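Number of protein chains: 2
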Amino acid sequence: MNTLLLGATGGIGQSLASALAPRASRLWLSGRNGQILASLARDLGAEAVPADLGHELELQALAEEVGPLDLLIFAAGAVSKSGLRELSKADLERLSTANLVGLALALKYLAFNPNSRVVVLGVYPDLISVPGLSLYVATKLGVEGLLNVARKEFRREGVRFCLVRLPAVATQLWEPLGGPPKTALHPDQAALRILEGILAEPMPEVLEVR
Amino acid sequence: MNTLLLGATGGIGQSLASALAPRASRLWLSGRNGQILASLARDLGAEAVPADLGHELELQALAEEVGPLDLLIFAAGAVSKSGLRELSKADLERLSTANLVGLALALKYLAFNPNSRVVVLGVYPDLISVPGLSLYVATKLGVEGLLNVARKEFRREGVRFCLVRLPAVATQLWEPLGGPPKTALHPDQAALRILEGILAEPMPEVLEVR
Chain W
1 MNTLLLGATG GIGQSLASAL APRASRLWLS GRNGQILASL ARDLGAEAVP
51 ADLGHELELQ ALAEEVGPLD LLIFAAGAVS KSGLRELSKA DLERLSTANL
101 VGLALALKYL AFNPNSRVVV LGVYPDLISV PGLSLYVATK LGVEGLLNVA
151 RKEFRREGVR FCLVRLPAVA TQLWEPLGGP PKTALHPDQA ALRILEGILA
201 EPMPEVLEVR
Chain R
1001 MNTLLLGATG GIGQSLASAL APRASRLWLS GRNGQILASL ARDLGAEAVP
1051 ADLGHELELQ ALAEEVGPLD LLIFAAGAVS KSGLRELSKA DLERLSTANL
1101 VGLALALKYL AFNPNSRVVV LGVYPDLISV PGLSLYVATK LGVEGLLNVA
1151 RKEFRREGVR FCLVRLPAVA TQLWEPLGGP PKTALHPDQA ALRILEGILA
1201 EPMPEVLEVR
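So the sequences go chain by chain: W and R.
Every letter in the first sequence is one number past the one before it in the numbering used here, and letter 143, counting from 1, is 143.
To get the numbering used here, take the position in the second sequence, counting from 1, and add 1000.
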């Protein structure tokens, strides 16, 4: 199972990497922070392939290195808290790249084996539609729209897609929001539930993790 | 009724401008094409205020010129047809600006009177989730997410929001898609149904035009 994890250095990413390591015949870990990535890969016997999701050439090089995939997990993500009146274009670009554009560019270049799986970590839209999160909600709903079309475009290549809806998970993504709620899942718990769900046969189109 | 129409030179935009002219005490028409805008404004006794939705400074200047609004209609929009494998970053930027970011920046700078209305022209997501339209679907779903948060952030200012779901309308937006379907609404028909719906009291949060 040739597996690529995008966003491997994030909170859920690291837990997913650990949980994937014994299951994947070959595990590629990607993210922007090369140092964390290298040490994580060393610990897990995986391979570090740093890339910036906003840079098309880096994604193209990444795709050539990892070859045809059986499993792609898109666990990248960014959040910012600011009202629409205080919106910054820098935040807009950062969230758009991490949550949406990065997936589009990854799908542009990556190759897939027949019967492969693409998994995207998503949200429960109603839970996050709160003041200050307009860009987060917009990019997270946007990526759902992208997935719905990708599903149809990649059907001929035999690629299946799963949107994972996650409740609050205790990661550093919550830092700008004042910390995770007490009910938040531990990232290891979230990772196990995600893997159990997405490795089921047939894989569900939407996996609701509670 | 101090009214601003963003995207006034598009197919639905021009029809909306004509239908709004007799109803608005002051009508501001905006778009990127200054010449079409000027001639449309002259014909309707409206005022042309050209602006590029991607340029923050232009939106800031526009906001100062038009003053507090009673009605904002966001009728801007762009489409491109390309599979995810052929995605171009230029298309990505163009669609993102016209369909999503432009509204975010407009809401950042525009001022509103109490009880004002913001109307965004949207889609039936299922109808457009077809191969080749991933970016269009992503930005159109994204703007719905943005609206759901804007509604909550602007409640205190007394601004109400309406998402208008439109079926196919015979405009030049269909050009890259090989022309509109035979069942497409005429833009004048669409404009009348939109105005009738959004000027109702109370204004619906979602207006489904058929």
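All C-beta atoms in this analysis are idealised placements derived from N, C-alpha and C, irrespective of residue type, glycine included.
Since the structure is predicted, the reported quantities are computational estimates derived from the model, not experimental observations.
Closest residue to residue i among the options (Cα-Cα distance)
i, options, result
"E1063 (chain R)", "R:L1107, R:R1042, R:R1032 and R:A1170", "Per the sequence presented here, residue 1063 (chain R) reads as Ala, with Glu not at that position. It is R:L1107 whose Cα lies nearest to the Cα of A1063 (chain R)."
"L20 (chain W)", "W:I198, W:V209, W:L173 and W:L92", "W:I198"
"V143 (chain W)", "W:P50, W:R210, W:Q35 and W:N99", "W:N99"
"M203 (chain W)", "W:K140, W:R23, W:V118 and W:G67", "W:V118"
"G34 (chain W)", "W:P22, W:L72, W:E86 and W:A51", "W:A51"
"P114 (chain W)", "W:G145, W:V120 and W:R156", "W:R156"
"L121 (chain W)", "W:S134, W:S129, W:L135 and W:T139", "W:T139"
"T1183 (chain R)", "R:R1210, R:L1053 and R:L1071", "R:R1210"
"L110 (chain W)", "W:V149, W:G145, W:L57 and W:A17", "W:L57"
"L1163 (chain R)", "R:T1171, R:R1151 and R:T1003", "R:R1151"
"G1077 (chain R)", "R:T1097, R:F1112 and R:K1089", "R:T1097"
"R85 (chain W)", "R:G1007, R:F1154 and R:M1001", "R:F1154"
Pairwise C-alpha distance: residue j and residue i
i, j, result
"L1185 (chain R)", "L1192 (chain R)", "11 Å"
"A1041 (chain R)", "R1032 (chain R)", "14 Å"
"F74 (chain W)", "Q1189 (chain R)", "43 Å"
"Q1060 (chain R)", "P187 (chain W)", "42 Å"
"V1079 (chain R)", "A1200 (chain R)", "30 Å"
"V1123 (chain R)", "A46 (chain W)", "44 Å"
"V1206 (chain R)", "R1165 (chain R)", "7 Å"
"V169 (chain W)", "G132 (chain W)", "19 Å"
"L69 (chain W)", "L1027 (chain R)", "55 Å"
"D91 (chain W)", "T1009 (chain R)", "30 Å"
"E65 (chain W)", "L16 (chain W)", "21 Å"
"R1160 (chain R)", "L1135 (chain R)", "27 Å"
"G179 (chain W)", "T171 (chain W)", "8 Å"
"L5 (chain W)", "G1102 (chain R)", "33 Å"
"G1011 (chain R)", "W1174 (chain R)", "10 Å"
"E208 (chain W)", "E196 (chain W)", "12 Å"
Per DSSP, the bridge partner or partners of residue i
i, result
"A48 (chain W)", "W:L29"
"R94 (chain W)", "According to DSSP, R94 (chain W) bridges with nothing at all."
"V1169 (chain R)", "R:L1185"
"N1002 (chain R)", "R:R1026"
"L1069 (chain R)", "R:F1112"
"V1164 (chain R)", "R:L1121 and R:L1207"
"V159 (chain W)", "W:S116"
Three-way DSSP call (helix, strand, coil) for residue i in this model
i, result
"G122 (chain W)", "strand"
"R1210 (chain R)", "coil"
"P114 (chain W)", "strand"
"R1151 (chain R)", "helix"
"L199 (chain W)", "coil"
"V1079 (chain R)", "coil"
"L53 (chain W)", "coil"
"L1087 (chain R)", "coil"
"V1130 (chain R)", "coil"
Residues, ordered as in the chain, of the region 1068-1082 of chain R that lie near chain W by beta-carbon distance below 9 Å: none
In the region 145-173 of chain W, which residues sit with their C-beta less than 7 Å from some C-beta in chain R, listed in chain order? G145, L146, N148, V149, A150, K152 and E153
Listed in chain order, which residues of the region 108-136 of chain W have Cβ atoms closer than 8 Å to some Cβ of chain R? K108, P125, S129, V130, P131, G132, L133, S134 and L135
Mind listing which residues of the region 1037-1071 of chain R have their C-beta closer than 7 Å to chain W's C-betas, in chain order? E1056
Output, in sequence order along the chain, the residues in the region 1088-1109 of chain R whose CB is closer than 8 Å to any CB in chain W. K1089, L1092, S1096, L1100, V1101, A1104, L1105, L1107 and K1108
For the region 1181-1199 of chain R, which residues have a CB atom closer than 8 Å to at least one CB atom of chain W, in sequence order? none
For the region 1006-1031 of chain R, enumerate the residues whose C-beta is nearer than 9 Å to any C-beta of chain W, in chain order. none
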